[in-house]
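Sequential numbering from 780 applies to the first sequence in my numbering.
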Amino acid sequence: MQIVRVALDVPLPTLFDYTVDDAVVLGQRVIVPFRRSQLVGVVMECVMFSELAVEKIKPVVRILSDSEPISSKLLALLRFCSEYYHYPIGQTVIPALPARLRSDKPITVKHEYHYRLLDGAPPIDLIPQRKTAARNMVKMLALQPCNLQQLKTVALTASAQLKWLIEAGWVEAFEVNPLACLPRMHCFANAHKLTDEQQQVVDAVTQTSGYRCFLLHGITGSGKTEVYVHLINRVLQTGGQVLLLVPEINLTPQLEHYFLSRFPVATLVSLHSGLSENERLKHWQQAQSGAAGIVLGTRLSVFAELPKLSLIIVDEEHDASFKQQDGLRYSARDVAIFRAKQCGVPILLGSATPSFESYHNALNGRYEMLKLTGRALADANLPEIKFIHSKQTVMVDGISEVLLREIAHRITRGEQSLLFINRRGYAPVLMCTECGWLSDCKNCAGKMVLHTKDQRLRCHHCGYQIHVPTLCPECRHPELLPVGSGTQRVERVLIDRFPEARILRVDRDSTRNKRTWEAMRSKITANEVDIMVGTQMLAKGHDFPALTLVGILNPDSALYSSDFRAAEKLFSQLMQVSGRAGRADKPGEVLIQTEFPDHPMYRCLQQHDFEGWAASQLAEREMADFPPFAFQAMLRAEGLVEADVYAYLNMAKLAGVKLNHPVEIFGVVPASLARRANHVRAQLLIQANSRRVLQQFLRVWQPGLADLASNKLRCSLDIDPLEF
DNA sequence: AGCACGCCGACT
DNA sequence: GTCGGCGTGCTC
């Protein structure tokens, strides 16, 4: 009989000891009694003795052996995360698994159909010329057997053609185990010729052996994706696995389709929260068995099992969505770097506007800087960026006359325009012209946003909504004025001004279900839209070939935000949305409405000068002792009673000061949204000049924090926070 | 986090 | 007398 130490999904920093009679392997899932119920846990350690009194230790109920154990490498990665982010080990390990592995429901692997050419299949010429789809499919099947998904990348009507080919006796279906590592006869990409610059990047990465972190700084349109394709191709040829991390879920289906089409016969799986439990399990297991050569996923896929991992790519590495904002508050980019180090493989961080953290590391030599400076399509030029001084121009409901005229030109030329405004709704606040009443949310410190579509005032923080009042709730005055504009108002203005134009609004309200956004995208690509109005949803994603004008409406607020990263974020957002304008044959133009056209941020943006911008900002950050020159942790608390929240944080601060470590402990301050859903929120910032010092402090300070908090408070510790 | 145990106010 | 309020404490 031996003791196993098991990780359980409970908010306690420890493992739990159980006895087992049968042979048990590290990383295996077990059902154990816990309190009055049973839980699924993962065996983290096998030991001979326990520190606990014998009578307290219960036996394992059952060992689950219908799935492969978690590798000790992944367990080590999860242990590291638990320690680095100071989060309970069980709540780190268990939620990293697909939901099906967190339950005791039996796991079965269903076989799937693949298709292959029969011996008697006719040469390609015998298939009628007009049956292009069938011909493409036969060509692909001649390389190696494929599944339906792969065939669909060469033939839209794959299902129907397949039926025809099977009935003709040329193709047959056969069962395969999706977890089996099929021999990869052909995994080649439909590779395009690389520019010299791109080739140099590919060479630099492929010539590395062992761990190395590369920062690929490539302007929009410089062909980063083609570099990824070539690198992935190399890895697949040697039988390795690639992890490709991408920011958002709404980007994944297109990207998946794109990479499938580039690697028609490789096994690619996606991992993101949009998958069903069964799909997620299957994809995870395909990664675990090595059957999947490419794993494409959002931040959670950084915890996928990858036995043959040979390369990690983090695309849009600056994107804030790589940071999880609840539970284990990890940065998938940073975890990926640790993982690459652990596995001894290269990692490539790609971005047109790298985070200052990564850029700084590339400048000081911790990472290797790689650059793509030219647009891959030789004659494609960067868009011309111009400013409209919003205080010196005639404005129609927040849109300048100049911009409206330019939109009109695009309409007559059959080109598209995009108006970018980072606010949804009609107006961000409603005001009484008589007494100055503002549409405050009764539950939050924020304002309720006016939505004219359903005549409601809605709080974007807590979801509370009311009907738009006809009289001022304070003074009964009948005149209430919408202040500022959001996407709906801009859309309204455009409809009035261009009644014939086809206008499309793209924001979270207009794309309720995820199918809609897909439909909208194809409408835009088919040039069935003249003007798009939208939030940052429009900044990301694939190219819109007919788009030649981007208008940006009053983005200034980020320039005087209390968040020191706001300007960094705005710059990359504007760079990204600007990059949507213009193609090889049609130059793009960007018009920015601002009160501060001389602000250094806009100057650098106009010159497409990321280097200059980064240099000036890094200098400021260094002077002010901000990241990346300092390392931070944020303790947050929220609760119903203001005094409790502040008392807790002040006690925590006092406890920290007493430890007398070389860290700076700032004051307890209200969170940027001081009240949300009736909960008072405040925070305490800790800063040190090295990761090591910060971690040393947290190791002593953090364990006591839970005892200080009453159960009425919700607290969290955020390491390397992005939000303030 | 749950979910027990435990000690004080208004009810048949 | 008891039903139930939510404060404290433990989970291998």
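Even glycine gets a Cβ: it sits at the ideal position worked out from N, Cα and C.
Identity of the residue in the options nearest residue i by Cα
| i | options | result |
| --- | --- | --- |
| Arg-814 | His-1139, Phe-795 and Thr-1327 | Phe-795 |
| His-1188 | Asp-1309, Leu-1010 and Ile-1126 | Asp-1309 |
| Glu-722 | Val-1448, Leu-1414 and Pro-1407 | Missing from the structure shown is residue 722; the chain here goes from 780 to 1503 and no further. |
| Leu-1283 | Arg-991, Ala-1298 and Pro-924 | Ala-1298 |
| Leu-1552 | Ile-945, Leu-857 and Tyr-863 | In the structure as shown, the chain starts at 780 and stops at 1503, and residue 1552 therefore has no counterpart that could be examined. |
| Ser-816 | Asp-883, Lys-931, Ile-1178 and Gln-1315 | Asp-883 |
| Thr-1295 | Asn-1468, Met-1316 and Met-1380 | Met-1316 |
| Pro-838 | Tyr-863, Phe-859, Asp-845 and Ile-810 | Ile-810 |
| Gly-1193 | Ala-1456, Ala-1280 and Ala-959 | Ala-1280 |
| Gln-1234 | Val-785, Gly-1225, Gln-1244 and Lys-1226 | Gln-1244 |
| Gln-1462 | Gln-1474, Ile-1498, Val-1479 and Pro-790 | Ile-1498 |
| Phe-1323 | Arg-1013, Gln-1352, Ile-842 and Gly-1361 | Gly-1361 |
| His-1036 | Leu-930, Gln-1474, Gly-820 and Ala-1337 | Leu-930 |
| Ser-1137 | Arg-1460, Arg-1271, Tyr-1381 and Ser-1110 | Ser-1110 |
| Gln-1065 | Cys-1122, Leu-1149 and Ala-1083 | Ala-1083 |
| Val-1329 | Asn-1222, Val-1479, Phe-1166 and Leu-1452 | Phe-1166 |
| Arg-1041 | Met-919, Gly-1019 and Tyr-1146 | Met-919 |
| Glu-954 | Pro-1379, Asp-1423 and Val-888 | Val-888 |
| Glu-1401 | Arg-1118, His-1139, Ala-1337 and Val-980 | His-1139 |
| Phe-1410 | Val-1262, Asp-801, Leu-1054 and Gln-1474 | Gln-1474 |
| Lys-1232 | Lys-1226, Gly-1265 and His-1256 | Gly-1265 |
Per-residue DSSP class, three states only, for residue i
| i | result |
| --- | --- |
| Gly-997 | strand |
| Met-916 | helix |
| Ser-1530 | Residue numbering for the chain in the displayed model covers 780 to 1503; residue 1530 lies beyond these limits and cannot be assessed. |
| Leu-1217 | strand |
| Arg-1400 | helix |
| Ala-1409 | coil |
| Ala-1416 | strand |
| Tyr-1146 | coil |
| Tyr-1381 | helix |
| Ser-1506 | The structure shown has nothing for residue 1506, since the chain only spans 780 to 1503. |
| Ile-906 | coil |
| Leu-1492 | coil |
| Phe-1199 | strand |
| Thr-985 | helix |
| Gly-1129 | strand |
| Met-1227 | coil |
| Asp-1497 | strand |
| Gln-1234 | coil |
| Pro-1482 | helix |
| Glu-1443 | strand |
| Val-1208 | strand |
| Ser-1137 | helix |
Classification of residue i by the beta-carbon crowding that lies within 10 angstroms, buried from 16 upward
| i | result |
| --- | --- |
| Leu-1419 | exposed |
| Gln-986 | exposed |
| Asn-1057 | exposed |
| Thr-1249 | exposed |
| Asn-1490 | exposed |
| Thr-1152 | exposed |
| Cys-1254 | exposed |
| Ser-1179 | buried |
| Gly-1435 | buried |
| Lys-1348 | buried |
| Arg-1471 | exposed |
| Ser-1218 | buried |
| Cys-1214 | exposed |
| Pro-812 | exposed |
| Ser-1469 | exposed |
| Leu-1496 | buried |
| Ser-1052 | exposed |
Nearest-angstrom Cβ-Cβ length linking residue i and residue j, presumed shorter than 8 angstroms
| i | j | result |
| --- | --- | --- |
| Phe-1135 | Leu-1397 | 6 angstroms |
| His-893 | Cys-925 | 6 angstroms |
| Pro-1162 | Gly-1367 | 3 angstroms |
| Leu-857 | Val-872 | 5 angstroms |
| Ser-1089 | Val-1124 | 5 angstroms |
| Ala-1070 | Ala-959 | 6 angstroms |
In chain order, what are the residue ranges of uninterrupted alpha helix (DSSP H) at least 4 long that sit wholly in the segment 1032–1116?
1056–1068
Return the chain-ordered ranges of every alpha helix (DSSP H) run that is complete within the segment 1249–1336 and spans a minimum of 4 residues.
DSSP runs (the alpha helix (DSSP H)) wholly in the segment 1249–1336: 1266–1276 and 1293–1304.
Every unbroken beta strand (DSSP E) within the segment 908–953, with a cutoff of 3 residues, ordered by chain:
Complete beta strand (DSSP E) runs here, min 3: none at all.
What ranges does the beta strand (DSSP E) occupy inside the segment 1008–1032, keeping only unbroken runs of at least 3 residues that lie completely in it?
Runs of the beta strand (DSSP E) inside the segment 1008–1032: 1020–1024.
Can you list the beta strand (DSSP E) stretches of 3 or more residues lying completely in the segment 781–867, in chain order?
781–786, 795–799, 808–813, 816–826 and 841–843
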